[in-house]
Structure formats: structure tokens, C-alpha cells
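Reviewing the structure listed below.
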Amino acid sequence: CSTADLGPISLNWFEELSSEAPP
Amino acid sequence: HSIEQTDVAGLPAQDTWNPSSLQLVSKFKNPSSSCSVDVSAMWWDRAGAQEPCIVTACEDVVSLWKPLDTLQWEKVHTWHFTEVPVLQIVPVPDVYNLICVALGNLEIREIRALLCSSGDESEKQVLLKSGNIKAVLGLTKRRLVSSIGTFCSQQVQIMTFAEDGGSKDEQLLMPPDETVMTFAEVQGIQDALLGTTTVNNIVIWNLKTGQLLKKVHIDDSYQASVCHRAYSEMGLLFVVLSHPCAKESQAFGSPVFQLLVINPKTAQSVGVLLCCLPEGQAGRLLEGDVKDHVAAAVLTSGTIAVWDLTLGHCIALLPPVSNQNWSLVKWSVTDSHLLAGQKDGNIFIYRY
Numbered sequence: 011c012s013t014a015d016l017g018p019i020s021l022n023w024f025e026e027l028s029s030e031a032p033p
Numbered sequence: 013h014s015i016e017q018t019d020v021a022g023l024p025a026q027d028t029w030n031p032s033s034l035q036l037v038s039k040f041k042n043p044s045s046s047c048s049v050d051v052s053a054m055w056w057d058r059a060g061a062q063e064p065c066i067v068t069a070c071e072d073v074v075s076l077w078k079p080l081d082t083l084q085w086e087k088v089h090t091w092h093f094t095e096v097p098v099l100q101i102v103p104v105p106d107v108y109n110l111i112c113v114a115l116g117n118l119e120i121r122e123i124r125a126l127l128c129s130s131g132d133e134s135e136k137q138v139l140l141k142s143g144n145i146k147a148v149l150g151l152t153k154r155r156l157v158s159s160i161g162t163f164c165s166q167q168v169q170i171m172t173f174a175e176d177g178g179s180k181d182e183q184l185l186m187p188p189d190e191t192v193m194t195f196a197e198v199q200g201i202q203d204a205l206l207g208t209t210t211v212n213n214i215v216i217w218n219l220k221t222g223q224l225l226k227k228v229h230i231d232d233s234y235q236a237s238v239c240h241r242a243y244s245e246m247g248l249l250f251v252v253l254s255h256p257c258a259k260e261s262q263a264f265g266s267p268v269f270q271l272l273v274i275n276p277k278t279a280q281s282v283g284v285l286l287c288c289l290p291e292g293q294a295g296r297l298l299e300g301d302v303k304d305h306v307a308a309a310v311l312t313s314g315t316i317a318v319w320d321l322t323l324g325h326c327i328a329l330l331p332p333v334s335n336q337n338w339s340l341v342k343w344s345v346t347d348s349h350l351l352a353g354q355k356d357g358n359i360f361i362y363r364y
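Residue numbers (this note's numbering), protein chains in the order written: chain A, 11 to 33; chain B, 13 to 364.
Right, here's the structure in full:
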């Protein structure tokens, strides 16, 4: 297994998940 | 860099660890009739100067020890507990002159703050939380997170202390519909918080908004994992877990700590490092503590083992001293010391 198995990586994951999650 | 398959740390490591990596600095005995349950280091303000102090907890008494010039320790404050026994010390970073403790029998029933009144320096204790408390952790910026209750009736709360440990503010986080067992702050993202749950999920919160951002299911091979440390780098979440319930396997021996990499965007994860017992060592993890890149564990054999997570192998073994098994191990937050304790109240401080 490698990082390729983890799917696309985003440096701004925290901000992106916060904007997608219900308030 | 791509992360290749799981490395196994600690096998065989007998010829690679360096016994001199832990040097005894000082020791003292906490004379108490009850069993020693925890030890911690903290800053305590005395006459305007902050001193690195040691906190010891027995079932019925918590004591604060200040350093003297000659590597000796002097007991300066003592708090007594006659009704519910002490289970653990809950260090709260960035708060001075306040110790939080969890009390209960098998499970946590109360969280109390221990402090001294400024006038006569007499010891006081204040009840902060009570109920069926499943997890508690002190966070940076004078915050304390706790989960109370189970499943749908669960409340996840953040309490913020004032600088002097006094007045407080409370905020709720969105609870997951599964019981949270442990919390970990995320280094590199100051408003992120992780939790591990009873059904082997890692949940991620936004501490500022209270939002539940993601659930990540991790490998079912180890149940009831405890999260000791988490950091975010290059868009990935690195999580150090321990596995108190892990069974010995033929391939890896006894796994004690595991470094897991999670992509929070996709909820995919992969194990990259497994810290196992060195050859010739038997037993499982009793309790462990991780600070930066070093992980320490008390094993059921009574020995303490230390792993370097960057080197990827066991770097020190501390066998029982004076025929007495170790029962506690904590990294000091005030310096690079390892605090090791025995049930009868002996505390040994090692420089790492």
C-alpha cells in the first residue's frame, strides 16, 4: 500500500471539510 | 514521498537499543497508604516565579512537589479525597496553579479542579463535571474536553479556563452516534480535535464551530485503540495509536504502538509503522505516553520500553528497579524527562 491508495490529498483539508460539514 | 508498506519497529532490536539513553536524574517517595495511580509535571507559580513541579496522585491524595536545589523534591500542597478515589491526573496546558483530576471507581464519575486560595495558600477543590464520563483531555489554550454519556445521549463539551484557572466558559461539540473513548489534539491545526470511538472510528471535529467533520474507520485488527498524538502534515493526518487489547501475532510479536496515516478528505487510512516488543520481551501494554517522536509504555512484565518513532525502533528498556514492577510512565511537559512510577509511591525521573 502507498499514499496513492489514500486518494487525492488536499493541503486545506480542514477548511474544506469545515465548509462541507453541516453547521 | 510515497509511504510504503507498514514497517515493523522493535523486531529484532535487542542489539540496537541504547540503555544509556535514559539517565536517572532524581527520585523520591510519596509516602501514602493507598496505591499510586498517576504522575505528571506542570508549571506552578510561586511568589511570581514559575517552577517546574511534579504532581503525584494516589487513590486518596494528590500532592504537588516543588524542586529543591539538590535534585530533591519537597511536598508543598496536598489535596485529600475521602469519598471517590482518584483515577488520573488531567494536565491542562497553559494553565498555572491548577490541577485537574478524574475520580471514580472503574469509570470516571467526576472531574475536579484542585487549586490554592490566593490569600492563605490553603488547598481547595472544585467540582467541574459529574456523570458517566467516558473520556477527558486537557487541550492547549486552557481548554478541557470531556465526553459524558454513551451513544445518542452523549455530550461532548469544551470548558475554557481563565488564565488564573478561575471562571470558565462552555461549548458543545456535535456528538457522533457512537461512544468516544479518547481524544487527541492535532498539532499543526489548532482548531482540530480527534476522538477514537468504541467501534474503531476516528472522528474529527472543528473546535471553533463544534462541527463533526469526518468519521474515518480504521483497521478492525485492533479493538479499543487509544489515540496518543496526532499531527497534520502535507495534507495528511498522522496518528499514533496504542493497542491495549492487541493479541500477540506470530508475524509481529506484541504490537504496542502504531503510526497510522489518514487522508481526511477521503477517509482512507494506512498503517506505516508498528512498534512491537523487542525480541525476548513478553507482555502487553499496560499504559503508554507519547511526546513528540518518542513513545513510552509500561508493559505487563513490569518493564518500561521506549520507542523512537522517527528511527522506527525500540531505543530503551527499563527493567523493574528493586524487584518492583513499574506501573506508571509519563513524559514531562516541562522538560525532556521521563517520569516512572511504582505502585508504592516511588517516583524516578530519567533524562532522555
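The beta-carbon is built from N, C-alpha and C at its ideal position, and this holds for glycine as well. Note that this is a predicted model, so its numbers are computed, not measured.
The alpha-carbon separation between B:Lys-39 and B:Thr-315 amounts to approximately 17 Å. In this chain, the alpha helix (DSSP H) harbouring A:Ser-28 covers 23 to 30. Closest option to B:Asp-304, judged by alpha-carbon separation, among B:Lys-355, B:Val-211, B:Gln-199: B:Gln-199. When B:Asp-176, B:Tyr-243, B:Val-238 are compared, the shortest CA-CA separation from B:Gln-202 is found for B:Tyr-243. Judged by DSSP in its simplified three-state form, B:Phe-163 adopts helix.
Using a Cβ-Cβ cut-off of 8 Å, B:Gln-280 counts as an interface residue toward chain A, since at least one Cβ of chain A sits closer than that to its own. At least 8 Å separates the beta-carbon of B:Phe-93 from that of B:Asp-106. Contact with chain A is absent for B:Leu-34, since none of that chain's Cβ atoms lies less than 8 Å from the residue's Cβ. For B:Phe-93, there is no enclosing beta strand (DSSP E), since its DSSP letter is neither H nor E.
Any Cβ of chain A closer than 8 Å to the Cβ of B:Gly-143 would place that residue at the interface, and such an atom is absent.
The beta carbon of B:Gly-247 falls within 8 Å of a beta carbon belonging to chain A, placing the residue at that interface. Going by C-alpha positions, B:Leu-80 is about 14 Å away from B:Trp-56.
DSSP places B:Ser-52 in the uninterrupted beta strand (DSSP E) bounded by 48 to 58. Scanning chain A for C-beta atoms nearer than 9 Å to the C-beta of B:Ile-361 yields nothing, as the closest lies near 37 Å away. With the criterion set as a beta carbon lying under 7 Å from some beta carbon of chain A, the members of the segment 217 to 229 of chain B are Asn-218, Thr-221, Gln-223, Leu-224, Leu-225, Lys-226, in sequence order. Between B:Met-171 and B:Leu-149, the beta carbon gap of about 11 Å keeps them out of contact (Cβ cut-off 8 Å). Put simply, of B:Ser-129, B:Val-37, B:Tyr-364 the residue whose alpha carbon is nearest the alpha carbon of B:Thr-82 is B:Val-37. Counting of Cβ neighbours within 10 angstroms places B:His-229 among the exposed residues, the total staying below 16.
Secondary structure note for B:Cys-70: its beta strand (DSSP E) is the uninterrupted segment 61 to 70. CA-to-CA, the gap between B:Val-273 and B:Lys-227 works out to about 14 Å.
Flagged as an interface residue toward chain A: B:Ile-201, by a C-beta distance shorter than 8 Å. With respect to chain A, the C-beta atom of B:Asn-275 has a partner C-beta closer than 8 Å. Relative to the Cα of A:Glu-26, the nearest Cα in the group B:Ala-204, B:Asp-50, B:Leu-110 belongs to B:Ala-204. For B:Ala-204, the chain A residues whose Cβ falls inside 8 Å of its Cβ are Phe-24, in order along the chain. CA-CA distance, B:His-349 to B:Trp-77, rounds to 16 Å.
The Cβ atoms of B:Leu-271 and B:Leu-321 sit closer than 8 Å to each other. One thing to note: B:Ile-101 has its Cβ within 8 Å of the Cβ of B:Asp-50.
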